[in-house]
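All you need for this note's numbering is the position in the first sequence, starting with 1, plus 606.
C-beta: ideal position from N, C-alpha, C; glycine also.
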Amino acid sequence: MYALIDCNNFYASCERVFDPSLNGKPVVVLSNNDGCVIARSNEAKKLEIKMGTPAFQVMHLVKSSGLKMFSSNYALYGDMSARVMTLLGDFSPEVELYSIDEIFLKMVGFEKFVLHEYGLLMIQKILRATGIPVSVGIAPTKALAKVANKIAKKFSEKTGGVHIIDNPVLIEKGLKWTKIGDVWGIGRRYAAKLEAIGVHNALDFTLLPKQYVQKEMSIVGLRLQRDLSGLPTLDLEQTKAKKNMAVTRAFGKNYDTYGEVRERVSTYCAKLAEKLRREDSCCSQVYLFIHTNPHRKELPQYSNGVTIKLPYATNSTITIIKSVMGGLEKIYRDGFSYKKAGLVAMDLAPDSGRQLAIFSNEDPRHSTLMSMIDRLNRTTYGRVRFAGQDPIKTWKMRQEFRSNRFTTRLGEIILIRC
DNA sequence: TCTGGGGTCCTAGGACCC
DNA sequence: TCTGGGGTCCTAGGACCC
């Protein structure tokens, strides 16, 4: 059996832990730059606020419906996630951290356990230790555990937050209940395609001929189909080394000049290099893209990208900025209002096992310099910058509604007044 | 005015090798 | 006149996830 434990409305729940007055009120958390809604409490869902709604479109609900709005606070969410996952890891020897708010547990050798009670115990323990509410789905396969988890959450009054699918009758019931678009692994495109041929729920999908699924959805669809039918196919996955690492951001405003875009891209380079160093990694290629705002249909649109080969595998900000600037010159066009740029580091390799080139290699002084810069920036970010970065602006995100970083900054710890 | 960020996997087709 | 067979690697594009 597999268990999937998922934190309910995770980001919104994190905000509530440190401000219980938010309980019972509609809460939303916004994306970077306070752009759009990326998390909602149940009350916010009831207000029909959809995932991805632009923040300015829900602003009026603050007054009219008591909506509470938060900028995203990843320092808080990341730390809370680590606490929850560590505790849940104690419930099984084999786990897979699936996302910031979900974890799979493999339940082998638990035959003597009453799984429903075991699930309730998880919920109690996590709630008491962290204040985060979670739901538990248990089933013979991962895809079915996902289904079970949705049911546990949807009917929480009845299930107490735990649902177990452990026989063919419950499998069929669960599959029938799951709309095709809600199936794990079926996105918008496939959902539309499947609806068009009369496949409306997960059960319909399991009954499709294998050849059809293989042809239209490749081996991925086939595996999913088996797993949903109750034949264990998808197993826990090992955490593997990352293949890509990205820094992509929309700008706070539109930029019309090369100088402004160049400044942003330099700053993103510095961010990316720093991220590489933090993970003891380096890269030998970087993909750079820039584009205008696709939502502003009345403005001329432009979008382009370029892959830049670095002279050698590196994580030096100096080398990366120098190479990426060459790429930017190639794709930048005058006459457009730019809204977003991004960098993706590719061909990642561990810093220690770096492949040396024959003719040219990194100036050995870079690595010493970089670790010193990182040290200086650790306490006050932006203390040391590169010449291409704006000395004042550097890295300022719009974050009007951010809560305190209660668990990771001593200066922002919660205050209790008597 | 204002619309996110960071990832993964699979497949087909082209270039190239012997 | 007649032009093979088997393989690898890389990339772009399409799908998906949270």
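Next item on the list: Measure the C-alpha to C-alpha separation of Ala-745 and Ala-852 and round it to an integer number of angstroms.
Entry: Here residue 745 corresponds to residue number 139 of the first sequence, with the count starting at 1. Here residue 852 corresponds to residue number 246 of the first sequence, with the count starting at 1. Between Ala-745 and Ala-852, the C-alpha separation is close to 35 Å.
Notebook entry, point to check: Do you know how far the Cα of Phe-676 is from the Cα of Val-634?
Noted result: In the first sequence, the residue the question calls residue 634 occupies position 28. In the first sequence, the residue the question calls residue 676 occupies position 70. Whole-angstrom Cα-Cα distance: 6 Å.
Margin query: Given this structure, state the Cα-to-Cα distance separating Val-775 from Tyr-987, to the nearest angstrom.
Written below: The residue labelled residue 775 in the question sits at position 169 within the first sequence. The residue labelled residue 987 in the question sits at position 381 within the first sequence. Rounded to the nearest angstrom, the two C-alpha atoms are 57 Å apart.
Checklist line | Terminal residues of the alpha helix (DSSP H) in which Asp-685 lies | finding: For the purposes of this step, residue 685 is taken as the residue at position 79 of the first sequence. Note, Asp-685: alpha helix (DSSP H), 680-694.
Check: Using 8 Å as the threshold, is the stretch 710-721 in touch with the stretch 653-672, meaning 3 or more CB pairs across them?
Finding: no
Notebook entry, point to check: So Cys-888 and Thr-920 are in contact, right, with Cβ under 8 Å, and what is the actual spacing, rounded?
Noted result: Taking the first residue of the first sequence as position 1, residue 888 is located at position 282. Taking the first residue of the first sequence as position 1, residue 920 is located at position 314. With a Cβ gap of about 5 Å, Cys-888 and Thr-920 count as contacting.
Note to self: Out of Ser-943, Asp-788, Ser-678, which one is the CA nearest neighbour of Glu-904?
What the structure shows: By one-based count along the first sequence, residue 904 stands at place 298. Nearest of Ser-943, Asp-788, Ser-678 to Glu-904, Cα basis: Ser-943.
Note to self: I'd like to confirm the pairing. Which residues does DSSP put opposite Val-635 in its beta bridges?
What the structure shows: One-based indexing of the first sequence puts residue 635 at position 29. Paired residue(s): Ala-645, Phe-676.
Notebook entry, point to check: Nearest-angstrom Cα distance between Asp-696 and Phe-1012?
Noted result: Residue 696 sits at position 90 when you count from the first residue of the first sequence. Residue 1012 sits at position 406 when you count from the first residue of the first sequence. Taking the straight line joining both Cα atoms gives about 25 Å.
Next item on the list: Would you decide whether Cys-620 is buried or exposed? Buried here means 16 or more other CB atoms lie within 10 Å of its CB.
Entry: As a position in the first sequence, residue 620 is number 14, starting the count at 1. Cys-620 should be labelled buried.
Note to self: Quick check: Phe-616 and Tyr-683, are their CB atoms within less than 8 Å of each other?
What the structure shows: For the purposes of this step, residue 616 is identified with residue 10 of the first sequence, where counting begins at 1. For the purposes of this step, residue 683 is identified with residue 77 of the first sequence, where counting begins at 1. Contact: yes.
Item checked: Lys-945 (DSSP reduced to helix, strand or coil) -> Walking along the first sequence from the start, residue 945 turns up at place 339. If DSSP states are grouped into helix, strand and coil, Lys-945 belongs with the strands.
Notebook entry, point to check: What is the DSSP secondary structure of Lys-759, counted as helix, strand or coil?
Noted result: Taking the first sequence and counting its residues from 1, one reaches residue 759 at position 153. Of the three classes helix, strand and coil, the one that applies to Lys-759 here is helix, per DSSP.
Check: Between the C-alpha atoms of Ser-687 and Gly-725, what's the straight-line distance to the nearest angstrom?
Finding: Numbered from 1 along the first sequence, position 81 holds the residue referred to as residue 687. Numbered from 1 along the first sequence, position 119 holds the residue referred to as residue 725. Looking at the two C-alpha atoms, the distance is approximately 18 Å.
Next item on the list: Please list the segments of the beta strand (DSSP E) lying wholly inside the stretch 799-827, counting only runs of 3 or more residues, in order along the chain.
Entry: none
Item checked: Asn-860, DSSP secondary structure in three states -> To locate residue 860, count along the first sequence from 1; it is residue 254. Asn-860: strand per DSSP, three-state reduction.
Check: Taking contact to mean at least 3 C-beta pairs separated by less than 8 Å, is the stretch 822-835 in contact with the stretch 748-758?
Finding: yes
Check: Would you call Asn-755 buried or exposed, if buried means 16 or more other Cβ atoms sit within 10 Å of its Cβ?
Finding: The count along the first sequence starts at 1 and reaches residue 755 at position 149. Classification of Asn-755: buried, given that the 10 Å Cβ count is 16 or more.
Check: Skipping 5 residues on each side, what residues in its chain have a beta carbon closer than 8 Å to that of Asp-996?
Finding: On the first sequence, position 390 is the one that residue 996 refers to. Here the set comprises Glu-869, Thr-873.
Next item on the list: Identify which residue in Asp-640, Ser-637, Leu-667 has its Cα closest to the Cα of Glu-649.
Entry: Position 43 of the first sequence, counting from 1, holds the residue named residue 649. Among Asp-640, Ser-637, Leu-667, the Cα nearest to that of Glu-649 belongs to Leu-667.
Margin query: Tell me which residue opens and which closes the alpha helix (DSSP H) that Asn-983 is part of.
Written below: Position 377 of the first sequence holds residue 983. Taken as a continuous stretch (DSSP letters only), the alpha helix (DSSP H) holding Asn-983 covers 971-985.
Next item on the list: Just the C-alpha distance for Ala-609 and Leu-949, rounded to the nearest angstrom, thanks.
Entry: Within the first sequence, numbered from 1, the residue matching residue 609 stands at position 3. Within the first sequence, numbered from 1, the residue matching residue 949 stands at position 343. For Ala-609 and Leu-949, the distance between alpha carbons rounds to 36 Å.
Margin query: Per the DSSP calculation, Gln-995 is bridged to which residue(s)?
Written below: What you label residue 995 is simply residue 389 of the first sequence in a count that begins at 1. For Gln-995, which the question treats as bridged, DSSP gives no partner whatsoever.
Next item on the list: Compare the Cα-Cα distances from Gly-930 to each of Arg-689, Ile-914, Ile-757 and report the closest residue.
Entry: Taking the first residue of the first sequence as 1, we reach residue 930 at position 324. Here residue 930 is Val; the residue named in the question, Gly, does not match the sequence. Among Arg-689, Ile-914, Ile-757, the Cα nearest to that of Val-930 is on Ile-914.
Checklist line | Chain-order list of residues whose beta-carbon lies under 6 Å from that of Arg-689 (same chain, five-residue window excluded) | finding: By 1-based counting over the first sequence, the position of residue 689 is 83. The residues are Thr-736.
Next item on the list: Would you decide whether Pro-626 is buried or exposed? Buried here means 16 or more other CB atoms lie within 10 Å of its CB.
Entry: Within the first sequence, residue 626 is the residue found at index 20, counting from 1. Its Cβ having fewer than 16 others within 10 Å, Pro-626 is exposed.
Next item on the list: Assign Val-714 to buried or exposed, taking buried as 16 or more other Cβ atoms, counted over all protein chains shown, within 10 Å of its Cβ.
Entry: To locate residue 714, count along the first sequence from 1; it is residue 108. The residue is exposed, with fewer than 16 neighbouring Cβ atoms inside 10 Å.
Margin query: Quick check on the DSSP output: what are the complete beta strand (DSSP E) runs of length 3 or more inside the stretch 704-785, in order along the chain?
Written below: 708-712, 740-745, 768-770
Check: Going by beta carbon distance, what residues of the same chain come within less than 8 Å of Tyr-864, once the five residues before and after it are set aside?
Finding: Start at 1 with the first residue of the first sequence, and residue 864 comes out as number 258. Excluding residues within five positions, the ones whose Cβ falls inside 8 Å are Tyr-938, Asp-940.
Notebook entry, point to check: If you drop the 5 nearest sequence neighbours on each side, which residues of the same chain put their C-beta closer than 7 Å to that of Glu-801?
Noted result: For the purposes of this step, residue 801 is identified with residue 195 of the first sequence, where counting begins at 1. Same-chain partners within the cutoff: Ile-786.
Next item on the list: Would you mind giving the Cβ-Cβ distance between Leu-703 and Lys-849, rounded to the nearest angstrom? I have them listed as a contact below 8 Å.
Entry: On the first sequence, position 97 is the one that residue 703 refers to. On the first sequence, position 243 is the one that residue 849 refers to. Actually they do not touch by this definition, with Cβ atoms about 17 Å apart.
Margin query: Given a cut-off of 8 Å on the beta-carbon distance, is the pair Arg-883 and Asp-980 in contact?
Written below: Residue numbering aside, residue 883 sits at position 277 when the first sequence is read from its first letter. Residue numbering aside, residue 980 sits at position 374 when the first sequence is read from its first letter. It is a contact, given that the beta carbons lie within the stated cut-off.
Item checked: Cut-off 6 Å between Cβ atoms - residues of its own chain near Ser-637, not counting five sequence neighbours on either side -> In the first sequence, the residue the question calls residue 637 occupies position 31. Excluding positions up to five away in sequence, the list reads Ile-644.
Check: Does the distance from the CB of Gly-780 to the CB of Ser-741 come in under 8 Å?
Finding: Position 174 of the first sequence holds residue 780. Position 135 of the first sequence holds residue 741. Contact flag unset, no.
Check: Excluding five sequence neighbours on each side, which residues of the same chain lie with their C-beta closer than 6 Å to the C-beta of Gly-743?
Finding: In the first sequence, residue 743 corresponds to position 137, counting from 1. Correct list, in chain order: Leu-610, Ala-751, Ala-754, Asn-755, Ala-758, His-769.
Check: Could you give the distance in angstroms between the alpha-carbon of Thr-812 and the alpha-carbon of Asn-614?
Finding: As a first step, residue 812 is located in the first sequence; it is residue number 206 there, counting from the start. As a first step, residue 614 is located in the first sequence; it is residue number 8 there, counting from the start. C-alpha separation (whole angstroms): 28 Å.
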